[in-house]
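As structure tokens, this is what we get:
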């Protein structure tokens with residue numbers, strides 16, 4: 203999100219159609235040719251959960267992350 207438009211355009215509710223896709227885990231900077239990019243990036247996935255507690259592990263966040271679940275900031 204080099205133009206910092208994701209939150210304004212509510213990407214946490216629906217991603218734009220023209221998103222680049224990549225398998226995870228991987229190093230998206232290398233895989234997508236963005237080796238020198240430093241800044242905001244978005245990731246989305248779907249999962250099913252039944253129960254009260256949920257632990258989500260992020261193995262490569264640099265400094266700060268906002269996490270949305272079903273469009274709600276956690």
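In this note's numbering, the protein residues as written are 203 to 276. For every residue, glycine included, the Cβ atom is placed at its ideal position computed from N, Cα and C. A quick note: this is a predicted structure, and the numbers were derived from the prediction, not measured.
Between residue 259 and residue 267, the alpha-carbon positions lie close to 12 angstroms from each other.
Note: residue 270 is bridge-paired with 275 in the DSSP secondary-structure output. Within the same chain, 244 come within 7 angstroms of residue 213 by CB-CB distance, once the 5 residues on both sides are set aside.
Just so you know, the alpha carbons of residue 216 and residue 242 end up roughly 17 angstroms apart.
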